[in-house]
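Working notes for the structure below.
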Amino acid sequence: MELLLSDELTRRARESSLHIKLVKMYLDAELYEQAFQHCISVQKTSVFDHEVDWLECICETFEVYKDINDDQKIVSLLHYAQSLVKLLPLHLKLSDIPSCEKALRRLDSFYSDLRNTPISITEHAVEFFFFVDLTAFIVICEIHRLA
């Protein structure tokens, strides 16, 4: 199945539904590293930055991955934060109230978890905390802009 999806992705790389299927297949098979790496490689292209389904998929992937891979905790948290920040404004613009509430609760839960996550101070940690502060500011600005 993976080969079939990979072959199809070579021909139709700009179809987010195929990427979502591949990531979900990896997650179902507990191939978390492959799911994480695929999400990162697709995110680098920014091609699906405005697609709610894709952003939901990668948020789920990064959320799972951050809980199972302590070695890459900061990296996975950073990717998760970036995805949440891209997803929230889309929900606020395009979704119904329950979906917006779910997205806000997910971001709130992320910040709560972050407060309780021991992270050693490294160059990545400093960069990460700067990004988290910046994302909080961006989210607040976006909420005020849409209000």
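Numbering-wise, the working numbering comes out as the position in the sequence shown, counting from 1, plus 74.
Where is the CB? At the ideal position from N, CA and C, for every residue including glycine.
Bear in mind the structure is a predicted one, so any value in this text is a computation, not a measurement.
Taking the CA atoms as reference points, A87 sits about 16 Å from D127. Between V149 and L101, the C-beta gap is not smaller than 8 Å, which leaves the two residues out of contact. Annotated as proximal: F184 and A155, with beta-carbon spacing under 8 Å. CA-CA distance, D123 to E89, rounds to 13 Å. Comparing alpha-carbon positions, the option among Q117, S80, L164 and N143 lying closest to M99 turns out to be S80. When only Cα atoms are considered, D144 and L152 end up about 13 Å apart.
Only residues of its own chain outside the window of five on either side were considered, and among them L79 have a CB closer than 7 Å to the CB of K95, listed in chain order. By the CB criterion at 8 Å, L158 and R179 fall outside the cutoff. Where H112 is concerned, the enclosing alpha helix (DSSP H) starts and stops at Y106 to Q117.
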